[in-house]
Each structure stands twice: as structure tokens, then as C-alpha cells.
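Each remark here refers to the structure printed beneath this line.
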Amino acid sequence: MSTGEAPLTYAGLWAERRGEPDGRPPLVLLHGLSYDRHRWGPLLRELETADPGRSVLAVDLPGHGQSPPLDRHGLDDVAAVVHQAVTEAGLTRPVVVGHSIGGAIATAYAATHPVRGVVNIDQPLRVGGFADLLQRNADVLRGPHHATIWNGLLGRMGIDGLPPEARALARPDATPARDLLLAYWDELLTTPPALLEERNAARLKRIASQDTPYHYITGAEPDPDYLIWLRKALPGVTVTVLPGSGHFPHLAHPAEVARLLT
């Protein structure tokens, strides 16, 4: 299917396809928590110009958009069903592109399944501080006022400073359901923060051992300590900063991100 206008399903995940396999590595796009495949619209438009005919698969992650939830939503669980979808779509060794938690899922995918590369859009993997924040607020997250935590996080994402189209796409359509947040954050809520960081470092080291290209695209200069941690696990990582894009470089600078993917 070349136009991608009609949605398809692979391994139970709703998806849209662009282009056809032609020797170029296919792109698999994984959105962030509370979003869906349609948030890739600006990037897909730019890819049509920057890399015409490139094979692209944009999926609704489990529990998002039109895709049903899984029994478990750990990073490895979601990466496994994404791989099933990629296989059913007839794609091999994709470049996996993920925004936010999609970047963490892309990393888990590449640590387990063959890929040509990973592009992580603004998802730090040294997550101990974030896990500690969630664990300290676990009672609120599990109660009727979970939206207060979510809204506080949104306020840190730089949405108000984005261009109008990007700002509209960056704002979730509604507050995510409590069960969705708890499902995707279960590991963060129940695992010691140091162990979470060890797991991600181990994933990065497996990726490094396979000489898999890994590109981290972020909207602000990373903390120097984070870069030290990241490069210790993954010495060959490429880091690109696209200023003024908050947590959404692919929405604020879709043409630049498309160029980086070609």
C-alpha cells in the first residue's frame, strides 16, 4: 500500500503505511504516551519531500488510538507486539523511531530484535529521578486525582512555546485514563529506580555490541551527567539538539527531523 490513507492492522495494532519496501531501511514510528499515529502527520509530509517513497509504518501503540490494550505494557511487552506487527507487515530490520516513551520502546526493541538503527526523540533513559517522582506520588496516581500529576508533567514539556500546528498536536485530546498511565508506568512505579537505570544501560550496551546506529534527538542541551552516563553505555551515540522544540522536536522541526532520518 503506497498512500497510507486507509488504516491497516498488524498483530492487532492499527497502523498506516507509506511507500513500499525497496531496499531502503523501512521506518517504524512509535508515538508517545497518550498520543496516536496521527501525531506523525507533519513528519510524514516532510518525509514525502525529503525521502520520496520511503517505506514507513506508523502504529497506534497498545491501548492508544484504535489499538486494544495488552495484558502487560512493560517496555519489552510492547516491543514484542510491535515486532510482531513489523513482521506481519513484511518489513525487516527497520529503523525504529520513537518519541517520548516510544523512544524507550524503540530502545527495548533494538536490544532484542534486528534493526538498522534507532532514533530516540527526547526520551532520556536514565529514568531514576522520574521513577522516584512517580513512586512518591503513587497514591495520587492510583486515585481519582491522577490528572494532577499528568498535568504537572505536561507543564514541563514546553508546549506553549511551540508553533501553532505543533502546539495543537502536542496537546493530548484528553487526560489519559488512569488505567492507561498505570499500565505503562507499572515498571516505573514498582521497580527500584537504580534497577531501572541498570536495565536501560544493559539495553544500550546490547545495542552497542551490535554496532547499531543510535540517534538521540532532543529539544534542549542534555545534562552533562546524563551524556556521560549515555556515552558510557553507548559510546557511538549521536546527539542532536533542536532548540526551541521542548519535548516535541518532530513537531516543532519536522523538516529537520525528516532530513535526519534520510
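To convert, count from 1 in the sequence shown and add 3; that's my numbering.
Every residue, glycine too, gets a C-beta built ideally from N, C-alpha and C.
With a cutoff of 7 Å on beta-carbon distance, A236 and K208 are scored as near each other.
Per the DSSP secondary-structure output, Y217 pairs in a beta bridge with V121.
In the displayed model, L230 falls within a helix according to three-state DSSP. The secondary-structure analysis by DSSP pairs Y13 across a beta bridge with L16. By a beta-carbon distance limit of 8 Å, L30 contacts R57. Their separation comes to about 6 Å. DSSP lists no beta-bridge partner residue for A204.
R40 is positioned such that its CB atom lies closer than 7 Å to that of E19. With a cutoff of 7 Å on beta-carbon distance, Y229 and V121 are scored as not near each other. When DSSP states are grouped into helix, strand and coil, A92 belongs to the coil group. Taking a C-beta distance under 7 Å as the contact criterion, V59 and G22 qualify as a contact pair.
Per DSSP, the continuous beta strand (DSSP E) segment holding T241 begins and ends at T241 to V244. The continuous stretches of alpha helix (DSSP H) do not include G101, which lies in the beta strand (DSSP E) extending over residues V98 to H102. In the structure shown, the three-state DSSP call for L36 is coil.
Put simply, the stretch 250-264 touches the stretch 92-111. At least three CB pairs are less than 8 Å apart. In the DSSP assignment, L73 is bridged to no other residue. In this structure, A169 and L254 form a Cβ contact; the two beta carbons are roughly 4 Å apart against a cut-off of 8 Å.
Nearest in C-alpha terms to D214, of all of P227, R234 and G239, is G239. In the three-state reduction of the DSSP assignment, R209 falls in the helix class. As summarised for the stretch 129-157, the continuous alpha helix (DSSP H) elements at least 4 residues long and confined to that stretch are 131-139, 141-144 and 149-157, given in chain order.
Contact check between the stretch 102-112 and the stretch 125-132: three or more CB pairs, one atom from each, fall below 8 Å, which counts as touching. With a threshold of 16 other beta carbon atoms within 10 Å, E190 meets it and is buried.
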